[in-house]
Structure formats: structure tokens, C-alpha cells
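Everything on this sheet refers to the single structure shown next.
There are 6 protein chains.
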Amino acid sequence: MKTQFIDSLADGQAIQDVFIVTEKTMAHKKDGEPFIQARFTDRTGSIRGVIWDNVETVSTRFGHGDYVKINARVTTYRETLQLTVLSVQRVMKEQIDPGDFLPKTKRDTTQMFQQLQTQSQSVKNPHLNLVLHKFWEDSVFVEKFCIAPAAIKMHHAYLGGLLEHTLSVSMLVDRLIKCHYRGIDRDLLLTGAMLHDIGKIEEYEYTTMIDYSTEGRLLNHIIIGIRMLDEKIASIPNFPEMTSQLLRHLVISHHGVREYGSPEPPKTLEAVILHYLDDLDSKIMGIRDYLEKSDESTQWTPFFYPMERHFYKGNTLC
Amino acid sequence: MKTQFIDSLADGQAIQDVFIVTEKTMAHKKDGEPFIQARFTDRTGSIRGVIWDNVETVSTRFGHGDYVKINARVTTYRETLQLTVLSVQRVMKEQIDPGDFLPKTKRDTTQMFQQLQTQSQSVKNPHLNLVLHKFWEDSVFVEKFCIAPAAIKMHHAYLGGLLEHTLSVSMLVDRLIKCHYRGIDRDLLLTGAMLHDIGKIEEYEYTTMIDYSTEGRLLNHIIIGIRMLDEKIASIPNFPEMTSQLLRHLVISHHGVREYGSPEPPKTLEAVILHYLDDLDSKIMGIRDYLEKSDESTQWTPFFYPMERHFYKGNTLC
Amino acid sequence: MKTQFIDSLADGQAIQDVFIVTEKTMAHKKDGEPFIQARFTDRTGSIRGVIWDNVETVSTRFGHGDYVKINARVTTYRETLQLTVLSVQRVMKEQIDPGDFLPKTKRDTTQMFQQLQTQSQSVKNPHLNLVLHKFWEDSVFVEKFCIAPAAIKMHHAYLGGLLEHTLSVSMLVDRLIKCHYRGIDRDLLLTGAMLHDIGKIEEYEYTTMIDYSTEGRLLNHIIIGIRMLDEKIASIPNFPEMTSQLLRHLVISHHGVREYGSPEPPKTLEAVILHYLDDLDSKIMGIRDYLEKSDESTQWTPFFYPMERHFYKGNTLC
Amino acid sequence: MKTQFIDSLADGQAIQDVFIVTEKTMAHKKDGEPFIQARFTDRTGSIRGVIWDNVETVSTRFGHGDYVKINARVTTYRETLQLTVLSVQRVMKEQIDPGDFLPKTKRDTTQMFQQLQTQSQSVKNPHLNLVLHKFWEDSVFVEKFCIAPAAIKMHHAYLGGLLEHTLSVSMLVDRLIKCHYRGIDRDLLLTGAMLHDIGKIEEYEYTTMIDYSTEGRLLNHIIIGIRMLDEKIASIPNFPEMTSQLLRHLVISHHGVREYGSPEPPKTLEAVILHYLDDLDSKIMGIRDYLEKSDESTQWTPFFYPMERHFYKGNTLC
Amino acid sequence: MKTQFIDSLADGQAIQDVFIVTEKTMAHKKDGEPFIQARFTDRTGSIRGVIWDNVETVSTRFGHGDYVKINARVTTYRETLQLTVLSVQRVMKEQIDPGDFLPKTKRDTTQMFQQLQTQSQSVKNPHLNLVLHKFWEDSVFVEKFCIAPAAIKMHHAYLGGLLEHTLSVSMLVDRLIKCHYRGIDRDLLLTGAMLHDIGKIEEYEYTTMIDYSTEGRLLNHIIIGIRMLDEKIASIPNFPEMTSQLLRHLVISHHGVREYGSPEPPKTLEAVILHYLDDLDSKIMGIRDYLEKSDESTQWTPFFYPMERHFYKGNTLC
Amino acid sequence: MKTQFIDSLADGQAIQDVFIVTEKTMAHKKDGEPFIQARFTDRTGSIRGVIWDNVETVSTRFGHGDYVKINARVTTYRETLQLTVLSVQRVMKEQIDPGDFLPKTKRDTTQMFQQLQTQSQSVKNPHLNLVLHKFWEDSVFVEKFCIAPAAIKMHHAYLGGLLEHTLSVSMLVDRLIKCHYRGIDRDLLLTGAMLHDIGKIEEYEYTTMIDYSTEGRLLNHIIIGIRMLDEKIASIPNFPEMTSQLLRHLVISHHGVREYGSPEPPKTLEAVILHYLDDLDSKIMGIRDYLEKSDESTQWTPFFYPMERHFYKGNTLC
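Protein chains in written order, with my numbering: chain A, 4 to 321; chain B, 4 to 321; chain C, 4 to 321; chain D, 4 to 321; chain E, 4 to 321; chain F, 4 to 321.
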């Protein structure tokens, strides 16, 4: 359990804790002696560190992307804090809690997952209910689904973000369709809402950093997700062909237009609604994250590049 | 009260009822004698008619766009029904019910307007509550607001469509937002939802046909609506300046992007939400209208040009 | 075996052959008597026909989209040939040769398929060789693959077009790439070229007309094809994961950009090359078809809408 | 009256003059002692300054965005000039001349405004003449109108720029149109030219820096300007409705296309002409400013991002 | 000299005049006898004609695109006028006045060309003056330049349109630069204005109809014009290289952006101005033509597709 | 002949060799004494240098863009190598080998040019063969053609790149058309492939750096190339007009669309093929260069901005 975080270090402090190595280069002093420059990171930020002694030996013990336990002292160099590192010891992934190193949802993932399961019991269509059940009882899937982020940046870009986003969209669907529009197949839409982003558990890497995986870059989450869905459907005898096609259509069309990676645009009312609510939830969460991060002393955020505008903070947040 | 409608005429039937003249031209028989060709229209369709006698006199009595009461007989010409018109008498606009001639909402406009008024009482901010009240007590405004269409084509393109759309968006705001996202100014958002399209009462003409007015083409409903809102706000003493700017921002930004006529994109969470729900409601209603209109014997609609795709009808409509 | 084709009928001729019914409506003579108007189609064109006798009885025997054997006589009405139909008898799909009713490649499909098989033996990578082999030995697949069109319009929009296009792209890969660019994984590229469009066998319908299938509209050939590929790969023990991902990437990226339905753009040299050669072959064939169809007396084709220009015919075709 | 400007400071010089504080942060020396780092700005540039003494007391006396009178000495640090500040005293906005701190037109604004007034007397239509007169006699309006910039960057981005641009467009209208195209309503076009950008007086802030105001970001100058115009028109009895609509159309359509913020594109010849001349003047001035700013030793400017190209300087400027 | 024009024919009238054949097909009566259907056209419209006698012989005498002198009588068929043609005689191009068959400027081309020549004498730069002189003294060039249209449709799409447009742009240049913007090379800009569209004399065909030539479609008027300019410059000894490049830049960049066919966008102030004034003149003339053509009884034109909007006619045209 | 290259300098080394001056500024020490800061560049990189002595005199001897022979010593400053320059002597362009200073093809340009000449002998059409011959025997042309780059960045952006690219496209053409598509005019296509980019020899500067020339920016290589081609064609008696137009069409249309600078898109099969193969070759070479440059330790390249994606390196390069 990590206790020393980068955003609360003070000059002179002794450090004995785990960090990720996010940069590591060999440098040379004027006298030609080598030293190691590195950057140490946790979920609260990163700090420069230098290692002066036993450079050759120490250097072989760790590399870029490794978790390391270090003994170090906080010093000040050119008015900035840095670490003088005394010893370095590699730590295995299995021993660490990713939540110490990567940003994480503020909400309780166990509770969110239970909400989702409860809600999925309201799906009356037996085949759709069963396909959801197949996912929820697949412990390998569930473990990743509860921890995966929903994006690299922009919205829900933190551990647990995928679950948070999925639950939010599912609840919007529930509220919207309970009594507003007639003629919507509620079971189909709700199932689609719950499964639309499942491919993201393989599209991203989220152990030492949040980034795309090789599979994610080659195939993206729509293609990965549709394969995961195909496998579950194939395991259910007599799954009706049209139900399968309509559910798969919800998954592949949820980005709304081809330009954003959907091979086909939404062609059913359910698919149109899913696209709008998915997009709404992503945008609202992305903007809110940005509003919360931005300096409190001004009425407007800095320019928000993904949406190409400034946002007004004045009295938006209560 | 009109009783004879074009979609239920039969060969040989005698007609004595009111129609709009939507075409009128003078033609000549082979012997050089003139006759009048015209097209008579009501909300159910249109039919070709010919007038053989007293052509010069009759012709002076009515023109394109007039309502006329005609005596006529239904005949068949080249396997199509047409009218042989015996007499024509102009009828004043005041005497007719536009709902006989233009498509009309199936819902009760009085009831919808009451729902909207009731909902607007839930706005607690006194200035916003008052600005809504100013509109609802303006009888000239209300009369038009309850009968105006929400579009020329695409969605809610019928009398009462504006009210129906406004109520639907307001209810979506209420249902989706009441307890979903925190940090939303509900009063501001709900007031914006109710007033976002008010300019449409002047943007369109909807007496003898649904079309753009000259003012609508020169200025569009955003510019017209903002002026109507300015006038009401100006009549309220001490209306807070920022509340005014934020409410006006909701109106001018609700199309979401400049390409669709919003001079600025949404820059508050409320404006982003209003844009999505307005767009969702328009699209859902536009697609549903198209699904309902299309021939029942196929699984897919014809190509729907405004959204550039076919829609699946299979099991979408229950 | 059909012998009488629409493009060679003559006034007065007696007809006894099979056609598709592509229109059928009930009409009424001036005396109120009903008659049937229909349109009869084969691969060479279509012709209007009328049935005057036993209308109610005859009408129940066939409908739109059916194959029918008719007894009829060719007559002239308003300077156009039409059929006076004496009797109609429905014919089952199984009894007809689709090639009589839909346009068809001029090349020998058996020979083309053998060429493809031969070429696929040059793939040395055992897993890729095996995945191809799995497809070629799947007789249900092969039957459809040899008859499917490659498009609805634009290029290779005829029976056998998919095979013709696939073979052409594979040969381009072979000819252009064999010794031109170094560093290309030839086996991967060739396998991708052969399998890139396989999903089209389910994306289209091509029995009585060439059109999209419901599955095709909901999912498109990239999603369908990737599922077919997944199934074959799953049946091969120890298929290397990276080879699988790279091959699937070739399939999903071959349209080159998201706007044209590829969820991801090409991210390997092989994928970039496949996209270019696929696009080149489609365009060349689409233009050539258009050049060949256009009237011989002018130097320029009419405006070719899919590519938004006229094409020069002067001395292009030898 | 400011006499010491940043672009002419020399090492060792004693400074006693007014600057704007455009950055201010608290820093710490290696011994832990705090000092103030700040940036001081006037219309000629900005310079870094440090305050070593009485840091806590001094720090409370001024903040970011304030005008301050400082006693300081120019020193050199790492080969760059900086200020060692000895005392700081806040100065009220009312006491300073914004022209000392913000870039300013080189032309005489009084003279330009007189030219515009003179030209507006040539408008013969009494209602249009009167609406111009209402603006020119509104001293609050005129004061802002003569000092406002026409843009944040790109063109006329300096005090007085709005007046300069308005006068230039009005003169282009006069020169080009007086006898060139027939069928133009000169009075309407000239009035539109004079009023098309009036909303900019509230769209921007231009006291301590040139930037968007909150109202400008929420509503933009088209919406603000149309409201200002509405108010003047409302104060003129019997202003003809169509003249009002056509004049307002000139204002709302002058950006030419919706993408650039015009809710409707130009739909009259006058509106088309105004758009072209407004755009031409903005571009020419923007390019000329850029040409003048760029280093004299090359034939080409650096890449000009707003127009995405280099400009040739060779013999363009005489 | 043609005296009988299609827009003033009356039933029963005898015709003996020249027309262009714009359609010609062989048809068959019910008795199998052949007859010729043709369409005869002049600058005022076109009319259907039939030839009943000596069909085989007559048919060999003329074809599509030929000028023919006909003897005919005007008759009425299905309430439309048509010609019963009694004899047909081919007429050579040299004998006809294209202005009888194609739309033509209303202005005097000789006078316009003199204006242009006069204006070109004001170019003081000797090399530019000389290059203009070389064009004006080239009688083959001048003959085409005075008769060519400036477009196929849209603006100045009539004989003499190129000269009219060129003169208009040159006069705009003259007025604009005389005293408005400083730093413009007037000689260069004026020469560019006069020569920017010269390639159109070969880009279009304008003998029997206005259309693109083969060269025009393969190369367009920018490429053709630059070659014409190169030839003249090559004939002038010691023409300065930079003047040549800048003048050629004006020609190739005048469409403003690559999307509209300019290989490079304008990169000098002169080129920017030429682009704006060329575009302004084209648009104003295109809109005016459309306004004048449209029915007088409405306030708005029909939808003007090239600019994607309706135009207001109310009080625009004086 | 240069022997000391920047990428292999070592601390303490004595330098006596030629470099290009790519930066030169006068700076001042704290004591006010001036010194020269400069940057010295060759094809392997660049290094900062300082000159402490005889500053005024030395400074007059060389400037930005000059080749200089320097005596210097390599030292280390802030952990970076730099040069302490003892003497500087300007060297004339004629004395240096541009290949020492600019990146250069790895292939033998003499051999590549011979291959191209050999291949051009296969063009049977005598006029096309002759036009190629005219270029190959023009020694001024050939010298530039063999050394010019094919681009500033992106692909073949090195000396000899134009020849390498031209040869590659010509060979692709040869392979493609030998036995694949029928109906292609091989002679025309091959000639076009060889001449499509000739204008680049003047579009770029490639003596001391690779950049656009003034002519290149004003006119681009399509306009420049077409003029070069016009001159050669004009020197061949009786060159057929249509052959000329079709060949010129290949040159002007090879960028495929107007957006990329082709005034007309390809309108013949030959032009379509040339565009595809030119684009394919550019993209493949651009990607390969980027793959080769990127760090070996990762599976993916950094984001490749020109094509807006990462590329997979895994097993792409053999």
C-alpha cells in the first residue's frame, strides 16, 4: 500500500515507496562520469530523479515502464524539487495496486457493478437477458470491465471509467424510455447500452499507463467488442438470428457516423437513441472533468481543444 | 366544417365543399376555346379540376392560394379521378379551419399547453419563472405558439408541431436530468427548453401552406426568437444581466454548431444538454413519421434523404 | 433454359418463357372492369404486360418478385412493344438459372476460381495457407463466393463480379509487389487480398435482383467478413495471435479511411498497399464499364456521377 | 503620460513609470526566502521583473491585470534584460491612457469618425439616415465605437481598428458601387456597411488587454449588434418593417456562410456585396499587418497560419 | 439574317428560316411507315418538328448539330405547337450569325473592347503594357475574345460574356486601387485582371451551343491561358523574370483555393484582390441573371442551386 | 571531400572541415564584449559554435547560408557538445559536394538514370519517344533531374529522390500494364509516368537546404512542368495535337483531385492509373522512411502527422 505521493513531497523528506519509471536516460557529468536521470510517476504526478552511485550496476536493474521501490531524498534544484535516489529495487506488477499509479473513479466500482446487474434483471427478453448474464458470470471479463477506463483522454479517462459510463448510459436509457417515446424495444436498447463499449477492455492498456493496446490500434473496440458478443451469442442455443443482428447493429453503429469509426450509421430507433445518449454522456463528463480541473480564478476555462471552444464556469457548477 | 376530403372521393360523386387552389392556369382546347385547369387541395391530398364554362368571368373570381367553395362532379380521365367544376366561390380565411387544409398534430393542443404551463410553475428562479409567465399570458403569442409547426419538413411538420416538440424536449429535460447529472441549473435549462424555438412562430407561414415567411428567410428563428425574448426581459425590472446572457445563450446555441445556424456553439453544460435533447427529439420524430408513412410490405424504408440512409422497420414499431 | 430474351422481341411474336415480375398493379378500364398491369424482366431488360382475362383468379397466382412462365403475344401500344399475357404460371427459384435474369461476368467463373486456388498455394506461411484452404474447401462458401457480385452499382456489379475483382486484386499484388518493394510480408498481403471482400457474399442479395440484404444494411461486409474469418481461424489450432490480428486488420482497414466504412485506417505497409490496389481495381473497372456502356458517337461520356466528371473516350479504348 | 517603453530599455537604466502586471507568482530562493516574480507589459512588449524585499507586504498591494507605477532598475540575467523592482504602487484605470498599453491605430480617430459622419449624410432614405444619426448622437456608443478593435488577432487588432475597418468598408462601398452595378439600393448597403460590426464594442474587452468579453463569448457580435440596432429602430416611429428586416439581414449575414457565424447567408445583392467587401478589407489588412511585421531579409513571410500559406514580400510593398 | 424566332411562332404560320437541329430520331407510325422526329432550336427556344415525306432521302441530308433552313407550317398537337416540316436544306456555319442561335450580351462588344484597350493604355510598366498590346493586336485572339462566353451556366453564360466580365473586373480594380489601398502594384493587378480568363476562349465551344471543348475538359482555362501568356511573353525580349512569375501567379491563383482549380492560392496582395473582385463580379452577375429570369409574381426566387439558397426580389431590383 | 561529420564528433577533437552556417547572431557577454553564436550543419546534423576573438572582423566574412571551412575544437557546455571556433573561411558553392550537406539517396543515380533511359526506348509511339529523348539529351535538365529531391518532407525528401520516385513509378506502370488491364495506351502512360514530376527541378531549391524556390511557391511544379513540356513539344514538328493534350492532361491531373493542386482530375484511364501509382509510391516510401527513422524499442511509431496515425512496426520490416 503506497503512502507517499508525489503531489505532497517536501524538500528534505526521506522517501521509501513505489513509483513507475516513465523516463530513464544515461547522462554524463562534465568530468565524464555517468549518472542516471529518470522520472518517477504515480497517479498524482511525476518528479525528476538522479542516481549518482554504482550507475552501471543499478542501471541494469530497472527500465522504462517498470515499477520500482526507491530510497531517496527530496532536494531542490533550480527552484524545483527533485529526488536524489540512493537505491532502486524492482517490484512486480502483481504486488502493486494500479489505482495508486493511475487515476481512478471516485465511485465504488463494486456498487456500480451491482446496480448494473440489478438493472439487467429487468430485461424480459430471455435471449437478451441470457446474453447479459453470460457476460456478468464471466469472471475474467468482469474483472477487466470493472477496472477499464472509457477513454485515453477526453472523458472517463480513469480506472473504472468504462463501468461508470456504461452505468450512466444505461440509466439514461431507462429514464428516457420508461414513459417518453412509444415504439421502442426497451430490452434491446438496454442490452445494447450495457454492451456497446465492452471491446474497450482489450482496446486499452491500463496497467502502468492508460494507452491503446496493439490490438486496440489494429482493430478498435467496435471490432473487438463484436467478436466478444459473437462468442457469447454462439454459446446460447437457438439465439434468434434477427435479435442477434439488431443487437450487433447497436454495437457497431453507436458512434453515429462512419467518420467516427462506425462501419454503418444507426438504422433503427434504438440505435439512434443509443448513439445520442452515449455521445451526450461522454461530452457532459468530458466537459465536467475539464471544468473541475481548470483554475478557479477565471470565469472561462482555457481553450478546450477536443471541442474547440472555451467553456463558461461562472455559475454552471453548483 | 369541411366534410368531403380528397382521399375519399369516388367516381361520379357530387362535391360541394371548400378547397385551396394550389395551381391555376388558362389552357386552350383544339378549337381554340379557353378553359381553366386548376388543382384543388386539402390536408388529405390534391386533385386536378377543369372548368369549361364562363371561363373569363369565373377566372377573375379566384386565384392561386385562395380558399374556394366549389360545386363539382368527380369524373375519370385517363384512369385518374378529376373534378369537373361547375361553380366557384371564394371563401375568406377567417371562415375556414386551417386544420382542414394543413396536416395537424394528433394530440390535443389545449392539453399540451396546460402541461407546459404546469411544468413551468416548477421553475423556482423568480426571474425565469416570470419571463415564462410573460409569454404564457401574451395571448397573441400563445395563439400562434399552439398552432405553429416545428419545421417545413423532416419533423413535427404539422400544425401544433412546435408545441408538441417543445413539450417533449421539456419533459426529456425533466426526466433525464432531474437526478442524473449534478451541477446543472435546472431552472435555466428548463426555461431554455421551453423558449428555444419560439422564433418559429414568425419564421414560418402556416395559413394556407407550411412554408418559410419572408422574415424567416431573412432572419431565421434564432434571430427572431432572441428579439422576442429581449422584449419580454426588457419588461421585467431588474432582470439580472448574467441570467439574461445565459438564457439568451441557450436560445442562440441550441443548433449545436455554426454550420446549422447557431452563431455560437453551446458553452455551458445546460446549453450542451439542450442541444442534444432538441436534436434527439427532432430526429426520433422525423424518423418515426417516415417509418409510419412508408409502405408496410417491406422491411426497410425507402432511402431517407435528410439522414442519408434506409431505416429498418422489421420489429422497430410495436 | 431460357431462350427468349426481352432485347430481341418483335411485334407479333408468341412468347413462352420465364421472366421475373418486377411490378404488378391492379388497374381499371373506363367501364370499371379490372385488369392487371405488370412488368416482366430478364437480364436484358424489361417490358410492360397486361392481363385482361380471369383477372381475380390469375392475380392470386403470382406476385412481385416471383419468377413466372408466361404465354403471351408481343403487341405495339403507343409505339412501344408490350405483352398481352394469356396465362401465367409460377416457377420455383430452384428451377431457374439466375444468370438468365441478372447480369453476369463474361469470364469463366470455374477457371477464375482455379486460378485463385493455384495462386493461394504460393502462400508459404502454414497458418495463412491453411486459413485460405479452409475457405476453399467450404463448399457452401465457395458456391456463393463464385456467384456474388462485388457491388450494387459502380464496379463488378454482376454475378461473378466478386470473384473477378478478388482475382484481379490478388494478381495485382503478385505482379506489382513481387519484386518491387522490399520489406513486405507477401504471404500476409496475398491472403488479405483474397479474403478482403468475403463478407459481400452475405452483404448482398443476388437471386432475383442485386441489392443489399438486411444483414448487409445492418452490419456491412467488413463486419460480416471479419466474423467469417474469425470462425475459420478459431478452427485452426495454435493460430498465432499476432498473425490473426494483422490479417484481420487487412480486412477491416481496406476501405482506407473511416468515412468509407473502415473502423481503422491502414496501419501496416501491407494494409496500405491492399487499400490502394483494391481502390485502383474498383475504379478502373467502374470507369471501363461506364465507357463501354456509353453511346459511341461522342468523344466524352455523360457525367459520371459516382466520380463527378466526364471521361474521355477518344482514343482510350483500343 | 507614459515615457519609458519596454522596447527601448537599456541595462542599468532607472525606471519610474506605469506598466500592466500580466503575470505574478510567488517563488522561493534556495534558502527558502520568498520573492515575487512578475511580468510587466506595455504596448511595446513585456519584461520579467523580480521583487526581493518586503515580499509579503508588497504582494498584497497589486495583482494580475493591475496597472502599477514601479521604481526599478534594468539588469541583465542570463543575457536577458530584467527589472529589479524596488517599489510598486497601484494606479487606477481612469488615470491611464489605454493607448500606452495596447496597440493603437496609426490614424486619427476623430478625423476618421468625422469622415464616417459626413459620408452618412449622403444616405437619402430618411429612416436609414435617422437610424445612423441615432447611433452617432449616442455618446456612450460613439466613445466605445472609436476605440474598439475590430478583432483579437488577424486584422485591425488594435484600438481604433473597428472604426478604421468600418470606414474602409464604407468607402469601398462608395467607390466600387456608386456607378458600377445597377439595381443596388445604395442607401441600404451603405447603412449596412456602417453598422455591420457595431456589436464588437461589447464583444471584446479592450481596457488592459484585447480579448473576448463574457458577453462576446456567449452571444458574439452579430447577436449583440442586432440587439443594439433593434433598440435604435424601436425608438424611431413608423420605421418601415421591410426596411428593418433588410437592414437586419445585412448585419446577420455579413459573415457570408453559417460556418463563420452568420445564421443566414446573404440573400440580397446588397448583402452579397457587403460580405465580399468586408471579407476583402479584413484579409488585405490582415496580410499587410503580417507583411509589415515580418523580418526584412527574406522574400517570403513565415507561414501565415490563419490563411495557411506564405506570402511573397518581394516587390509587393512600395 | 434570321427573322422568325421560336418564341413568337403562332398556330398556322408558314416558316422559312434557319434553325439548329438539336435532336433527330427515326420513328414509326402504327402502320410501320417511318417518319422523322426532330427538335429545332434558336436563341429563343426550341420546338418539336415532324417530317412525314421522303423520309429516307431527307434523313441523309442533315444530322444532329447541323444548321438547316426549313420550310414548315406551325400546327398544334396535344395543345402544344409543333412544326410539320416540308423541306430541309443544310446551311453552312459560315453563313449564319451565332448570335441568332446562342444567347448574347446586350451590350456593344466593339465599344466594350475599345474601353478595355483605352484602359490598358494606362498601364505604365513597359513590359506589361507590351504584353497587353501583343494580345490586342492578335486578331485571331481578339475575334474569339470578343465573342466567347465567360461560363457554361451561372454567370455571363452568353456570347460576349467573357469580354463583359473582363471589363467589369478591370473597372472594379481601377476604382478600388486608385485611392484606397496603398502598396498595390496597380500595373500588375490591372494586367492580371485583363488576362485572368483568356484561356476561356479555348476552354469552351460556342458555335452551335455553349459547352466545354475537349481541350477545356482535359486542361481547363487556367492551363490553357498560362500557355497563351507564355507565348506572348516569350515573344518580348528581356521580359523580366520576376514580373513574368508574378503575372503568371495572378492567372493561376485567381480561383482563390485549390478546390476551385487554382494550383496555388493567391500569395501576393494583388492576387488576393483579383480573386475577390473576380468572384464578386461572377456572383453578382449570376444572381442578377437569376433574379431577372424568375417569375415576377413572387417575392423570392426559386431555390438557386449553385448558391444553395433562395434570393429575395422584393425591392432589390430598381 | 568532407571527412569530419557532425554525428561523429567527440569532446576535445580538432576540427578542420566545411559546414553550412544555418544560424548566426551577435551576442554579448556580461562584460559587454560581443561574441558570435552560430550553428554549423552538414547532412548528419548540426552543432552550436561560438567565436570569441576578432569578432567584428570575422563577422564580416560569412553569413547565414554560406559554406565555411572552420578551424575549431569540440568542447562540452551544459552537457552538450559545442564548437569553439578559431578561424572561419568562406568556401564557394562550386567547390563543395551538395551530397555532403543534404541527405541523399542511397542508390546510384547514374545507374537509375540509365534504367529510365533504357525503359524509355520501349515507347514505340515516335512522337512520345522523341519528346522523352529531347529531355534526356538536354544536359541542363538531366543534371538537375538526377539530383533534385521529390519533396520537402514526407517522401523521397533527399537528393536523387525525384529520380528514384520517377523510376519506381515507371516500373510499377510497366508491370501493371504489361498483362493486367487491356485497353490502356502503354506508350502514353509510360511517358506520362516519366514526366509527371519534372517541374520539381525548379519548384525546389536544393543547394544548401531543401526548400521551395520562389518560382515553386508562386507557380508549383504542375505549372512549371507543363511549361517545360510545352517547350519540348513545340520543338518537335507535327506533334499531334490530341497526343499533346492527353500527355499534358497526365501531367496536370496526377495529383488526383483539385484539393491537392491538380486543376482537373484524371479523365482518362491512363490518368487514373498514373494518379494511383504515383500516390501509392509516395505513401509507401514516406511510411518506410518514417518506420526506419523511428526508435527500435517500440512496436509502434510515434504519431505520423502527415497521415494522422501511428504505424505498426512489429513484423512489417523484414
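Backbone N, C-alpha and C define an ideal beta-carbon position, used for all residues, glycine too. Since we're looking at a predicted model, the values are computed, not measured.
Close partners of F:Leu221 in chain D (Cβ separation under 9 Å): Tyr315. With 16 or more other Cβ atoms inside 10 Å of its own Cβ, A:Gly195 counts as buried. At a Cβ-Cβ threshold of 8 Å, B:His257 and B:Asp281 count as neighbours.
Per DSSP, the continuous alpha helix (DSSP H) segment holding C:Gln114 begins and ends at Thr112 to Ser123. In this chain, the beta strand (DSSP E) harbouring B:Phe22 covers Ala17 to His31. Counting only the Cα atoms, E:Ile255 lies some 15 Å from F:Thr217. Shown here, B:Val94 sits in a strand according to DSSP, grouped into three states.
By the Cβ neighbour-count rule, C:Asn223 is buried, with 16 or more other Cβ atoms within 10 Å of its own. Only Gln248, Leu249, Arg251, His252, Ile255, Arg261, Glu262, Tyr263, Gly264, Ser265, Pro266 and Glu267 from the region 246 to 268 of chain F bring a Cβ to less than 8 Å from some Cβ of chain E. A contact is defined here as three or more CB-CB pairs under 8 Å, and the region 261 to 280 of chain F meets this definition with respect to the region 184 to 195 of chain F. At a cut-off of 8 Å between beta-carbon atoms, B:Thr217 makes contact with chain E. Listed in chain order, the positions of the region 231 to 242 of chain F with a beta carbon within less than 8 Å of a beta carbon of chain E are Asp233. With respect to chain D, the C-beta atom of A:Trp55 has no partner C-beta closer than 8 Å. D:Thr87 is the residue among D:Glu244, D:Thr87, D:Phe65 and D:Thr83 whose C-alpha sits nearest the C-alpha of D:Asn74. Against chain C, the CB of B:Trp139 has no partner CB under 8 Å away; the residue lies outside that interface. Between E:Leu162 and E:Gly228, the gap from beta carbon to beta carbon reaches 8 Å or more. Straight through space, the alpha carbons of D:Thr113 and D:Phe148 are spaced by roughly 11 Å. C:Phe307 and D:Ala160 have their C-alpha atoms spaced approximately 48 Å apart. Beta-bridge annotation (DSSP): F:Ala41 is paired with F:Lys27 and F:Gly52. For F:Glu208, the enclosing beta strand (DSSP E) has its first and last residue at Tyr207 to Tyr209. Residue-level contact check: E:Lys127 does not touch chain D, since none of the beta carbons of chain D fall below 8 Å from its beta carbon.
Apart from the 5 residues on each side of it in sequence, D:Gly289 sits with its Cβ closer than 6 Å to the Cβ of Met157 and His158 in its chain, given in chain order.
Around the beta carbon of E:Asp284, 16 or more other beta carbons lie within 10 angstroms, which makes this residue buried. The Cβ atoms of E:Arg261 and F:Tyr263 sit closer than 8 Å to each other. Residue-level contact check: F:Gln85 does not touch chain A, since none of the beta carbons of chain A fall below 8 Å from its beta carbon. In this structure B:Val91 does not touch B:Leu193 by the C-beta definition: roughly 50 Å separates them, more than the 8 Å allowed. Rounded to whole angstroms, the separation of the alpha carbons of C:Ile150 and C:Arg230 is 20 Å. Cα atoms of C:Gly48 and C:Ile9: separation of roughly 6 Å, rounded to the nearest angstrom. Pairing F:Asn132 with C:Val176, the inter-Cα distance amounts to about 29 Å.
The Cβ atoms of C:Tyr315 and E:Leu221 sit closer than 8 Å to each other.
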